Amino acid sequence: MSEGQRATIRFSVNERPESVTAHPLRRLLDVLREDLHLTGTKEGCGEGECGACAVLLDGEVVNSCLIPILQVQDARVVTIEGLAQNDKARLLQESFIQCGGAQCGICTPGMIVASWNLLERNPLPTDKDLRNALSGNLCRCTGYTRIFDAIKTASGKLAQAAAK
Amino acid sequence: MTQRLIGSSLPRTEGHSKVTGQARYVDDISFPDMLHGVTVRSTVARGRIRKIHFDPAIPWDEFTIVKASDIPGRNRIALIADDQPCLADGIINHAEEPVLLLAHADKQLLEEARRAVTLEVDPLPAIFDIDDALAKKEIIWGSDNIFKTFLVEKGDVDSAWAEAYAIVEGEYHTGAQEQLYIEPQGMIAQYNPETGITVWGSMQCPYYVHKALMPLLNLPPEKVRVIQTETGGAFGGKEEYPSIIACHAALLARKGGKPVKIIYDRSEDMAATTKRHPSRTRHRTAVTRDGKLLAMDIEFIVDGGAYTTLSTVVLSRGTIHAGGPYACPNVRIRSKAVATNHPPHGAFRGFGAPQSIFALECQMDRVAQQLNMPPDEFRRRNFVHEGDTLAVSQVVREPVNLEQLMNRAFELSEYRIKRERFARENQTSPVKRGIGFATFMHGAGFTGSGERSMGSILAVEATKEGVVRVLASSTEMGQGTNTVFSQIAAEALGIGIDSVEVVTPDTSVVPNSGPTVASRTCMIVGKLVESACLQIRETLMLSGLLRSGYSAQQFKSACRQYIERHGTLRGQSQYATPPGIYWDDDKYQGDAYATYAWAVYVAEVSVDTRTWETRVEDFVAVQEVGRVINPVLAAGQIEGGVAQGIGYALYEEVAWREGRMINNQMTNYIMPTSADLPRIRVYFEEIPYKHGPGGAKGIGELPIDGPAPAIVNAIHNAIGVPVDRIPATPEVLMQAMEGALV
Amino acid sequence: MRSYLPRYEMQAPRDLAEAFELMAAQPGEWKPFAGGTDLMVLLEQGKLAHRKFLSVTHIAELHGIEISSSHVAIGALNTYSQLQRNSMLRDEFPLLCQAARETGSIANQNRGTLGGNIANASPAADSPPALLVYDAELELTSKRGARWIPYARFHTGYKQMDMAPEEIISRIRLPRSGKQWKQYYRKVGTRRAQAISKVCFAGAAEIGDGKIRDIRVALGSVAPTVLRCVKTEALLLKSTGPSRIKDAQEQLAAEMSPVDDFRSNARYRTWVAQNLLAEFLLQL
Chain A
60 MSEGQRATIR FSVNERPESV TAHPLRRLLD VLREDLHLTG TKEGCGEGEC
110 GACAVLLDGE VVNSCLIPIL QVQDARVVTI EGLAQNDKAR LLQESFIQCG
160 GAQCGICTPG MIVASWNLLE RNPLPTDKDL RNALSGNLCR CTGYTRIFDA
210 IKTASGKLAQ AAAK
Chain B
16 MTQRLIGSSL PRTEGHSKVT GQARYVDDIS FPDMLHGVTV RSTVARGRIR
66 KIHFDPAIPW DEFTIVKASD IPGRNRIALI ADDQPCLADG IINHAEEPVL
116 LLAHADKQLL EEARRAVTLE VDPLPAIFDI DDALAKKEII WGSDNIFKTF
166 LVEKGDVDSA WAEAYAIVEG EYHTGAQEQL YIEPQGMIAQ YNPETGITVW
216 GSMQCPYYVH KALMPLLNLP PEKVRVIQTE TGGAFGGKEE YPSIIACHAA
266 LLARKGGKPV KIIYDRSEDM AATTKRHPSR TRHRTAVTRD GKLLAMDIEF
316 IVDGGAYTTL STVVLSRGTI HAGGPYACPN VRIRSKAVAT NHPPHGAFRG
366 FGAPQSIFAL ECQMDRVAQQ LNMPPDEFRR RNFVHEGDTL AVSQVVREPV
416 NLEQLMNRAF ELSEYRIKRE RFARENQTSP VKRGIGFATF MHGAGFTGSG
466 ERSMGSILAV EATKEGVVRV LASSTEMGQG TNTVFSQIAA EALGIGIDSV
516 EVVTPDTSVV PNSGPTVASR TCMIVGKLVE SACLQIRETL MLSGLLRSGY
566 SAQQFKSACR QYIERHGTLR GQSQYATPPG IYWDDDKYQG DAYATYAWAV
616 YVAEVSVDTR TWETRVEDFV AVQEVGRVIN PVLAAGQIEG GVAQGIGYAL
666 YEEVAWREGR MINNQMTNYI MPTSADLPRI RVYFEEIPYK HGPGGAKGIG
716 ELPIDGPAPA IVNAIHNAIG VPVDRIPATP EVLMQAMEGA LV
Chain C
48 MRSYLPRYEM QAPRDLAEAF ELMAAQPGEW KPFAGGTDLM VLLEQGKLAH
98 RKFLSVTHIA ELHGIEISSS HVAIGALNTY SQLQRNSMLR DEFPLLCQAA
148 RETGSIANQN RGTLGGNIAN ASPAADSPPA LLVYDAELEL TSKRGARWIP
198 YARFHTGYKQ MDMAPEEIIS RIRLPRSGKQ WKQYYRKVGT RRAQAISKVC
248 FAGAAEIGDG KIRDIRVALG SVAPTVLRCV KTEALLLKST GPSRIKDAQE
298 QLAAEMSPVD DFRSNARYRT WVAQNLLAEF LLQL
């Protein structure tokens, strides 16, 4: 069987330049997980409903299962692994542990990426802000209460750190 | 005795790996020469396979193909009745039945190949509902389509009707519910002709998988190794089904000579794997003039799908919980699990109890209404207390104070004030508000003689560095096993939690501490952790290496010395039934569970009469659970269970067509998003249970029993019309209102 | 992921001119691929029938929002997030912004485009009712040039469009009326967020001297295409008196043709649409 069309895509992942040769419709999710071995981003549904595959694409949260790699040309991608290296984002991750925002953990990477993106735009979100902003990240374990507690705790900590 | 760690919200021990994306779930793991595997399934609900076509456009010689005839041992998934084939051999009994397995290195080509196999099937008449199964329109299983029957009798129901002041009847329906763990199911298998089979995967019960692989592959126990990978949610959906995937991956690995990974995509996972049993319950209740229960006649039927799987046990638990926390002198429960040509239904948190408790709690409200009595007053007059007997004639031998739980729940939810206020405001508002509740209990551990028969074993081992390793087959799936076991062990030994390691469940390393189900892990297995650790402590003390009042440092040093002298330092404990527990399996009477958690849940809803959409505005969950080992983790269990219960009550509906689920996508199977849920408020009461670690009871399933009836009772309060089925979608409410106007 | 990628092709033409060349040379061979929130789902399911795509997301001419005194022209590739961020659209065309806010998750709003949504032609889409109420026009462009058509005439049947295979939706234009409209939008779906609608209602009315001078009512999910309820509008313009809401509701039911499906049923859809109409009218 023929291999099909190939395209070479240059983009950055977590501030590192990457170059991948793949079919243009290959999902960004698969490029991250299989070609770049960044398995922190998860596949929960393949249809853009659960948010487990969320990454930041040029600063915006997107579902990587719905992004064809051709459209990532020259773009900046940030994954959960990248956030783990970010001092401020680490405060958010620690809050998740402290507040019980992660149970089975499979939705957690996407949830943290989406929460981080929200905090970047809205540093002091209300409960209502959170409910709406995170409605695209499904969690089956927690009922969301402690996830919101974690984000609010983190936003408090980040505000304190910024004030210093 | 003050507890140092028990009762503390210590952070989840594997939390760091989960929040950084480092935790490794089965699909994150790859082997160099690994093949991918897929399952070719039936397309009709019942029939006979005449022929299988392979489209010649596919290079089939590149593929590993496994059929029923390739199975070296028995073509069965070993579980209880062993009636489910691993691969269909001629006969098809449901529309997702696995027929053929394919493996190839190219995942996409594999999908092409899956499409390129066509089955020629001669259809046979199929059964899709409980009534048709009972009427024996077709015999699709056994001699009468019935997997199991139970009869529970207490007192004399038939003579009670004559004395009744009022008799109230009701019929209640619950639909199938999909567990919808966010990590789809998957397994990796590797076969070696000398050493045997190893499988890694997402699962709750490594020893169930172990038990299933042996007879299928004709291998002895030491040649089968099952390792649990980080599991992204399970809720019962990964109790028995993983055995099937493991068997499939193992067969492909064995035939193909390479490791094989099978990962279900979401649509396959939803359509083909087990779901909660749909149910139909009929109640007939007799009460005295002053609102005391005189008799309950209950018929409880669940739809088991095409094969037995766990239906006998689901039926058992549902039956035992069908009578609720009420002292009723005369009870009859007739229950059945029937076969239909749906993909087999299976374990889902609650395991029969959410179904029967839904019916009971709606019925109790209905009876109260008939008596013109407030529903809480009716409950108050009938709650069990210590010394009363439950429906299965179990004498309650623990302190129970449901009135107090109810009072607390009502205070926290402002039940009375709101009930009054809503009654006034509803008169002029198109959005009606209502508040309702459910009072219930959930038995922890296996039923009756179940724990004794299993005889769970757990071991702990110390290292020279003083690290205590907990060896159990109990799995972490988000509920906190790792952390709770660590807390219990550290508490028992007087050491830091960093000195405890809960070993990854690997059947070649850990003994069988039983499956991670039935709300047993903390209470039953946690107790074994405690006793095994106490053994190690005693060994060290008896050897003179430790004196009472020792420090953590001294413990480390004692371990080192002991191991230098004796080689290993190990403790082992096995489950022993607490004294005084008697259960009669034939009469289905006696001490069904060693202990129960007790709860009162209150739901406040708003119903928009222009669209019949219901929204849960507030939810209060009060429960008595023995001892809370880790408050954050315990509250997390309740919050998550309530969220699933809200989904069960209002949103989650499986759409069936010809025995197949047609809304098998996350877009179309509706689970609540964050925008749909209120803050779920959780409160604990603690009456320490003597035989639980630190006094703890089990709580995993309890929270999913209460929400559906509390919500439906709230809807009834809001719109004045009872609803008898869930999910109580807007369409169902519209129909209920139309029915009421007639 | 069920599709076999070697069967598919996608390229990124440098600009609109190159895209048109390809589309004109082999009409129907190449289809534009925008944000992908619909097409990638079909690809994942193994149900994407078309094989050759032109990725257009980077093409500048299809972006941007141009405001003139008489119109606002929205580039087809504006995402739902971009629509919501535009203050002029929020002020003057709030129904469109509300629809955008209720379409899927934020992650999908960051990728889904208005043009892509229109071309996908789902009768349950959230923006089309708002577009109909606003008398939207579509610019369809090809190698041969551009033409404008009223959006009301674009959908000719279920998944049928008045668009040639070599054409692409390039802009969506909304006339600025300068009047004060009372506007109403409500989507009734399966849940509060990420829901496909069972009924989607958009309405706008201009009131003067206590009477309805102009009124628009549009519905989604109740017919094979999005529906502008012209007969109901006509009735409302004429009628007065206590029975006008009830009469309008009856007329609305007659204009709709909802179906039973696994999400809901025709009776429910009809009844809800009628209630939403009443809710809208009672606010005027």
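Residue numbers (my numbering), protein chains in the order written: chain A, 60 to 223; chain B, 16 to 757; chain C, 48 to 331.
Beta carbons: idealized from backbone N, C-alpha and C, even for Gly.
Remember, predicted model here, so these are calculated numbers, not experimental data.
Can you grab the Cα-Cα spacing for the pair Met60(A) / Glu56(C), in whole Å?
The count along the first sequence starts at 1 and reaches residue 60(A) at position 1. The count along the third sequence starts at 1 and reaches residue 56(C) at position 9. Note that Met60(A) scores a pLDDT of 43, beneath 50, so its modelled location is shaky; the value from the coordinates is reported in the next line. Put simply, the backbone Cα of Met60(A) is about 15 Å away from that of Glu56(C).
Euclidean distance between Cα positions of Cys574(B) and Ala507(B)
Locating residue 574(B) in the second sequence gives position 559, where the first residue counts as 1. Locating residue 507(B) in the second sequence gives position 492, where the first residue counts as 1. Just so you know, the alpha carbons of Cys574(B) and Ala507(B) end up roughly 15 Å apart.
Using beta carbons (cut-off 9 Å, strictly below), is Ser214(A) in contact with chain C?
Within the first sequence, the letter at position 155 stands for residue 214(A). Using beta-carbon distances, Ser214(A) does not count as an interface residue toward chain C, since no partner is under 9 Å.
Look at Ala209(A) and Leu142(A) and say whether their C-beta atoms are less than 9 Å apart.
Here residue 209(A) corresponds to residue number 150 of the first sequence, with the count starting at 1. Here residue 142(A) corresponds to residue number 83 of the first sequence, with the count starting at 1. For Ala209(A) and Leu142(A), no; Cβs fall outside 9 Å.
With Asn527(B) and Tyr256(B) assumed to form a contact (beta carbons below 8 Å), what rounded beta-carbon distance in angstroms separates them?
Position 512 of the second sequence, counted from the first residue, corresponds to residue 527(B). Position 241 of the second sequence, counted from the first residue, corresponds to residue 256(B). Rounded, the Cβ-Cβ distance is 19 Å, inconsistent with contact.
Using only alpha-carbon positions, find the residue among Arg132(C), Gln207(C), Glu108(C) that is nearest to Arg180(A).
Translated into positions along the first sequence, residue 180(A) becomes position 121. Closest option to Arg180(A), Cα to Cα, is Arg132(C).
Listed by chain order, chain A residues near Asn157(C) by CB distance under 7 Å:
Locating residue 157(C) in the third sequence gives position 110, counting from the first residue. Neighbours of Asn157(C) on chain A, chain order: Glu119, Val120, Val121.
Based on Cα-Cα distance, which residue from Leu117(B), Tyr430(B), Gln494(B) lies nearest to Lys270(B)?
Numbered from 1 along the second sequence, position 255 holds the residue referred to as residue 270(B). Of the candidates Leu117(B), Tyr430(B), Gln494(B), the one whose C-alpha sits nearest the C-alpha of Lys270(B) is Leu117(B).
Let me check one thing: in DSSP terms, what residues is Asp521(B) bridge-paired to?
Within the second sequence, numbered from 1, the residue matching residue 521(B) stands at position 506. Per DSSP, Ile242(B).
Which of helix, strand or coil does DSSP assign to His225(B)?
The residue labelled residue 225(B) in the question sits at position 210 within the second sequence. Helix.
CB contact below 9 Å: His202(C) versus chain A:
For the purposes of this step, residue 202(C) is taken as the residue at position 155 of the third sequence. Not closer than 9 Å to any Cβ of chain A, the Cβ of His202(C) fails to qualify, so no.
Taking CB distances under 9 Å as the criterion, tell me whether Glu179(A) reaches chain F.
Of the chains in the structure shown, none is chain F; the protein chains are A, B and C.
Locate the alpha helix (DSSP H) running through Arg316(C), then write down its first and last residues.
Residue mapping note: residue 316(C) aligns to position 269 of the third sequence, counting from 1. 313-329 is the extent of the alpha helix (DSSP H) around Arg316(C).
Counting only the same chain and skipping the five closest in sequence on each side, list residues whose C-beta sits under 7 Å from that of Gly470(B).
Locating residue 470(B) in the second sequence gives position 455, where the first residue counts as 1. Cβ within range, chain order: Gln589, Tyr590.
Compute the beta-carbon to beta-carbon distance between Thr126(C) and Gly159(C), rounded to the nearest angstrom, for a pair I have assumed lies under 8 Å.
Translated into the one-based positions of the third sequence, residue 126(C) becomes position 79. Translated into the one-based positions of the third sequence, residue 159(C) becomes position 112. Yes, Thr126(C) and Gly159(C) are in contact; Cβ-Cβ is about 6 Å, under 8 Å.
Taking C-beta pairs closer than 7 Å, name the residues in chain A that Gln241(C) reaches, listed in chain order.
Counting from one through the third sequence, the residue named residue 241(C) turns up at place 194. Neighbours of Gln241(C) on chain A, chain order: Glu108, Ser194, Gly195.
Beta bridge counterpart(s) of Gly250(C) as assigned by DSSP
One-based indexing of the third sequence puts residue 250(C) at position 203. Gly250(C) pairs with Tyr231(C), Val264(C).
Is the distance from the Cβ of Tyr616(B) to the Cβ of Val635(B) below 9 Å?
Walking along the second sequence from the start, residue 616(B) turns up at place 601. Walking along the second sequence from the start, residue 635(B) turns up at place 620. Taking 9 Å as the Cβ cut-off, Tyr616(B) and Val635(B) qualify as a contacting pair.
In three-state terms, what does DSSP make of Met135(C)?
Here residue 135(C) refers to the residue found at position 88 of the third sequence. Here Met135(C) sits in helix by DSSP.
Interface residues of chain B facing Leu52(C) [CB-CB closer than 9 Å]:
Along the third sequence, one-based indexing puts residue 52(C) at 5. Residues of chain B passing the Cβ test: Gln123.
Is it the case that the Cβ atoms of Gly367(B) and His298(B) are separated by a distance below 9 Å?
Residue mapping note: residue 367(B) aligns to position 352 of the second sequence, counting from 1. Residue mapping note: residue 298(B) aligns to position 283 of the second sequence, counting from 1. Result no, Cβ atoms of Gly367(B) and His298(B) do not sit closer than 9 Å.
Ala453(B) to Trp613(B), Cα distance in whole Å?
The residue labelled residue 453(B) in the question sits at position 438 within the second sequence. The residue labelled residue 613(B) in the question sits at position 598 within the second sequence. Their backbone Cα atoms lie some 11 Å apart in a straight line.
Does the distance from the CB of Gly159(A) to the CB of Arg27(B) come in under 9 Å?
Position 100 of the first sequence, counting from 1, holds the residue named residue 159(A). Position 12 of the second sequence, counting from 1, holds the residue named residue 27(B). Their beta carbons are under 9 Å apart, which means Gly159(A) touches Arg27(B) by this criterion.
If you draw a straight line from the C-alpha of Asn196(A) to the C-alpha of Val657(B), how long is it?
Within the first sequence, residue 196(A) is the residue found at index 137, counting from 1. Within the second sequence, residue 657(B) is the residue found at index 642, counting from 1. In this structure, the straight-line span from the alpha carbon of Asn196(A) to that of Val657(B) is close to 18 Å.
Ile313(B), enclosing beta strand (DSSP E) - first and last residue
To locate residue 313(B), count along the second sequence from 1; it is residue 298. 308-318 is the span of the beta strand (DSSP E), which, as asked, contains Ile313(B).
Would Glu127(B) pass as an interface residue toward chain C - the criterion being a Cβ-Cβ separation below 9 Å?
The residue you call residue 127(B) lines up with position 112 of the second sequence. Yes, because at least one Cβ of chain C sits closer than 9 Å to the Cβ of Glu127(B).
Quick one: is Ser152(C) buried, meaning 16 or more other Cβ sit within 10 Å of its Cβ, or exposed?
Here residue 152(C) refers to the residue found at position 105 of the third sequence. Per the 10 Å Cβ criterion, buried.
Quick one: does Ile336(C) have its CB under 9 Å from some CB of chain A?
With chain C running from 48 to 331 in the structure shown, residue 336(C) is simply not present.
If you follow the beta strand (DSSP E) that Gln587(B) is in, where does it begin and where does it stop?
Here residue 587(B) refers to the residue found at position 572 of the second sequence. 584-589 is the extent of the beta strand (DSSP E) around Gln587(B).
Beta strand (DSSP E) containing Thr79(B): first to last residue?
As a working note, residue 79(B) is residue 64 in the second sequence. Where Thr79(B) is concerned, the enclosing beta strand (DSSP E) stretches over 79-81.
Complete runs of the beta strand (DSSP E) confined to the region 84-148 of chain C [at least 3 residues]
The qualifying runs are 99-102, 112-114, 118-122.
Establish whether the CB of Met16(B) and some CB of chain C are separated by less than 9 Å.
For the purposes of this step, residue 16(B) is taken as residue 1 along the second sequence, with counting starting at 1. Residue confidence is low: Met16(B) scores 49 on pLDDT, short of 50, so the model does not pin down where it sits. No coordinate-derived value is stated.
For a quick check, are the C-beta atoms of Asp633(B) and Gly463(B) less than 9 Å apart?
Here residue 633(B) refers to the residue found at position 618 of the second sequence. Here residue 463(B) refers to the residue found at position 448 of the second sequence. Going by C-beta atoms, Asp633(B) is not nearer than 9 Å to Gly463(B).
Under the three-state reduction of DSSP, which class applies to Trp77(C): helix, strand or coil?
By one-based count along the third sequence, residue 77(C) stands at place 30. Coil.
Of all the beta strand (DSSP E) runs that stay within the bounds of the region 585-646 of chain B, which reach a length of 3 or more residues?
As summarised for the region 585-646 of chain B, the continuous beta strand (DSSP E) elements at least 3 residues long and confined to that stretch are 610-623, 628-639, given in chain order.
With burial defined as no fewer than 16 other Cβ atoms inside 10 Å of the residue's Cβ, what is the status of Val328(B): buried or exposed?
By 1-based counting over the second sequence, the position of residue 328(B) is 313. Residue environment analysis places Val328(B) among the buried positions, since at least 16 neighbouring C-beta atoms fall within 10 angstroms of its C-beta.
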